[in-house]
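Working notes, beginning with the structure itself.
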Amino acid sequence: MANLNEQDKWENHIYRIEENDPVVGGENGITNKPTKQLANRTVWLKKALEALGLKAKPKKITATSTNSQDSLGHTHEIAKASTSEAGLVQLYSGTDSEDETKAATPKAVKTAHDLANSKYTAQDATTSRKGLTQLVDNLTTADTTKALTAKQGKALNDGKLGNSGNQTLSNGVLNLSRNTWEKLRATNNDGSFWRWETAPVSSGENGARFNFVFTGAGNTGELGRISFPRVAKGEIAAYQSWVTTALDAKDSLKTINYASNQSDNYARTGFYRANNLAMGAHRLPNMEIHITHPEANGNHYARGLGFTYGPNFGVLTTAWDKDGNYMGYKTVLTEDNGVMLAGSQTISGTKTFAGGVKVTHSSKSVSATFGMSTGDVYLHNPTSNKLLQLKDNGTLSYSNDKVLLYSDRSDAVNLDRTDKLATSKAVKLVNDNANTRVAKADISHLTNGTSKVKVSSEFALGNVAKNTLPIGSIVAFPSAIRNPSGFLKANGTSFNAQTYPDLYTALGNSNQLPDLTRSDVGQVAYFAVDNIPDGWIAFDDIATQVTQSTYPDLYAHLIAKYGAISAVPKMADRFVRNAGQGLVVGDTQKGTLVVSDSVDATTSLSLAIKNVLPTYKQTGDSLGADIVDVPADYPNAITVWVGGSVGRGDADRYSSNPGRDGHFAGVARPKAIALKAAIKAKPQFADVQFWIKAYGEVINTGQLDASKLAQDLHNKANLNHTHTVSDIADFGQGVADQFSYHKIGNFEVRKYPDGTMIQTYRFVPPNGYSTARHLADANFNWAVSFIETPKIFTQLMRSNPTELSSIDNFIMVNISKCTGSKVFFDAYEDHYDKGKFAVDFMAIGRWK
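Per my numbering, residue 3 is the first one in the sequence shown, and the count goes up by one each step.
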């Protein structure tokens, strides 16, 4: 057993052995570490005291001694005496010197005394004159004419504190009566000193505090101090050993290691170290400052502040309920994981702001708002009250005024569209054509002219049409021509037979115009080539290509049928069958399930499946079969083989458990050929409109013959000039553009010049409504969206005028959910009648 290797070294700290430290001996073993540190301190203190003891031994002091110390002891410099300072003095026996730095010897005093006696007349001494005095041998008399004996002088000398040397104050009190801070000073030989100071009694102090202050050599200033606070009642100055003992007695103030001590169960206030252990179903923080409720027993309503290990600054808050059950912790947001209110910060991940985002300027009273509303996401400038909107349909708008993008440009010169921008190339083509054609040609109104360098006017063409086309003829005009003279639009409407009698006769005594506005939009066809003709798009591209602006007619049809473009089913690799027998347009079906046992290849009901894979799913995937749910998709399925069958229960296990053996699998698939499925997206006659020749003898029921008046105007006017309304450039088109009417499925849409739009729609309840009695949260989309939620009106109607059973039906519009494009409503049936009723919806709002 060896001794520790002690060093002359001062240890600043003494290591405390922890509960989980191992017992390791040896020179550097952790168990010997505290003992070795204490031993090093002891060696250092011993040598320091030895050196201090040698230097404390005094040596002989002479008049020439200085302040010095060495291994033999120390000396002090003694001040020289003067009239203002006590110190060493040289004796002088003469009586003739006036030197104030020397002292008289007894010889000099005797000489002076003898001389004085020879000249002095004896008298008693007083405090005001020289004379004879009586000696007293006590310290109690108060007589001012008496003098103390040498004995009493010695007693006084023995009882006072001297200026040097070791002295003892026996059975007495040293009173330093001084009402300033400094009371006592201990000076080193280099002039530095410690001073003990106490607070003087003053207006701001009561004298109840003190300090130890160290000042450098040459009184260069304070280098440090030990300050004590003002005492009140009894105070204890604690030593390290006393503090250690007191802390050991205060076990509740120590950090509790929950991993090894769970008896307290977090039931008291303190510091806990759980190392992320769990309490019940919830984990605890790695470390926690825990506070229990002072008015509750146990851990009821307790709270804590927890911390995580590692390089991050994770802070957590914990909570216990009213019964003392731990409810887990929540993360406290810091600048590392939260969005701060000030300063620059990089935010990772997606942050959702439910109420929008408002950005303000630090030096100006301006702001901007990022927000979301029905149909768009927007940036709002409150100063101008303008919005930059990204619409849900992908368009960009400025306060609901569509912004035309680079992709909206067109080089074409024959487009009749307001949602396209003509490029400089298109303008140049028009300009070039104008310079080479129209600008160089004269306009003529003659119908029998022979010039080859003039252009016929609309008036001339109209006269030709009147004179050459029979009443009832169908003529196709470009869509840009909105109101050709002498023609009515072939749109299926009725006309006044008295106004157009010849047309009435030509149509077989009918005032019903033919309807040539029917469109082939929505027709589906198959193509044997990959490049589909113009006006068609691939069926499965509907979701990405069809919008209200790109293909408005097809968009309206699909919205009326499916409610949303995203709801249109994909054709994918499906076969197509006719609607009927419970299937309606848009329904989809899974492939027919046919199971066969490939082990029993003699079955007469189905062909055996070759190359059976280990599981049903793998075998089915290799065949391209749908994974089906037998109970849901085939409720009457059975498994059949030669000589027997099993019910649906056994059939279920071949679909609901794809991991079973692969003997049973299969799919019915007819022979097939793959063609390109496409849907008609643009009308075949999109660029023309059909009109019917209407003029014959026009008879008005009033006093004015409009037809004759128009003809007289034509005859009266100089044919080289334009005087009729129809000849005013773009007048008819401009007026027609201000009004529009469209019938889209069950919707009728009317637009007016001031931006007003009226839409109507008839809703008929689906089959089974009369037994369900409540159609909750029903909805449909308007054929054309309003720019904001419109006013909505409803009227209950009989779907069959002869039915009397459609009673006690109620419709309620949920206006809070309605938008500019969608209507939400509830339908109620109060009696079990046949439910044969309909609801007419009418909405009045704005289209611009």
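We put the beta carbon where it would ideally sit given N, CA and C, even for glycine.
Straight through space, the alpha carbons of K824 and A283 are spaced by roughly 46 Å. Runs of the alpha helix (DSSP H) spanning 4 or more residues and lying entirely within the stretch 133-196 occur at 152-161, in chain order. Here I293 is not near F273, since their CB atoms are 8 Å or more apart. Taken atom to atom, the span from the alpha-carbon of T77 to that of A106 is near 28 Å. Excluding its 5 nearest sequence neighbours in each direction, L141 has C-beta neighbours in its own chain below 8 Å: L150, Q154, A157 and L158, listed in chain order. Of the other Cβ atoms in all chains shown, fewer than 16 fall within 10 Å of the Cβ of S70; this residue is therefore exposed.
If you draw a straight line from the Cα of L392 to the Cα of R275, it comes to about 53 Å. Shown here, V586 sits in coil according to DSSP, grouped into three states, outside any helix or strand. About 6 Å separates the beta carbons of L515 and N493, which is inside the 8 Å limit, making them a contact pair.
Look at R43 here: in three-state DSSP terms it is helix.
Counting other Cβ atoms within 10 Å of its Cβ, G488 reaches 16 or more and is therefore classed as buried. Relative to L40, the option among D145, E8, T348 and E20 whose CA is nearest is E8. Secondary structure at Q620: helix, using DSSP grouped into helix, strand and coil.
Note on T66: under 16 other CB atoms within 10 angstroms of its CB, so exposed under the neighbour-count rule.
Nearest neighbour of A4 by Cα position, chosen from T362, N34, R752 and L448, turns out to be N34. Counting along the chain, H115 sits inside the alpha helix (DSSP H) bounded by residues P108 to K121. Two segments are said to touch when three or more pairs of C-beta atoms, one from each, lie closer than 8 Å; by this definition the stretch 498-517 does not touch the stretch 477-488.
Taking C-beta separations shorter than 7 Å and ignoring five residues to either side along the sequence, the partners of I534 in its chain run A540, K678 and A680, following chain order. Note on the stretch 327-352: whole beta strand (DSSP E) runs with a minimum of 3 residues are 328-334, in chain order.
For K360, the secondary structure class from DSSP, reduced to helix, strand or coil, is strand. L798 carries a strand assignment under DSSP once its states are collapsed to helix, strand and coil.
If you draw a straight line from the Cα of I80 to the Cα of D192, it comes to about 15 Å. Classified as exposed, Y743 has fewer than 16 neighbouring CB atoms from the shown chains inside 10 Å of its CB. For V690, the enclosing beta strand (DSSP E) stretches over residues V690 to K695. Distance from the Cα of A527 is smallest, within the candidate group V578, Y553 and N433, for V578. Around V26, the same chain offers I32 and T33 as residues with beta carbons nearer than 7 Å, after the five sequence neighbours per side are excluded. Just so you know, the alpha carbons of V111 and L163 end up roughly 29 Å apart. Between the C-alpha atoms of H559 and K404 there is a straight-line separation of about 24 Å.
Taking P287 as reference, the option from F315, P296 and F214 with the minimal CA-CA separation is F315. Between the alpha carbons of A240 and L186 lies a gap of roughly 24 Å.
For T200, the secondary structure class from DSSP, reduced to helix, strand or coil, is strand.
A distance below 7 Å between beta-carbons, with the five flanking residues on each side excluded, links I291 to the following residues of its chain, in chain order: F273, G306 and L307. The DSSP-derived three-state label of A562 is helix.
With contacts defined by Cβ atoms closer than 8 Å, L423 and L406 form a contacting pair.
Per the C-alpha coordinates, the member of I794, G357, V815 and L509 positioned closest to A780 is V815.
Bounds of the beta strand (DSSP E) holding L777 are H776 to N783.
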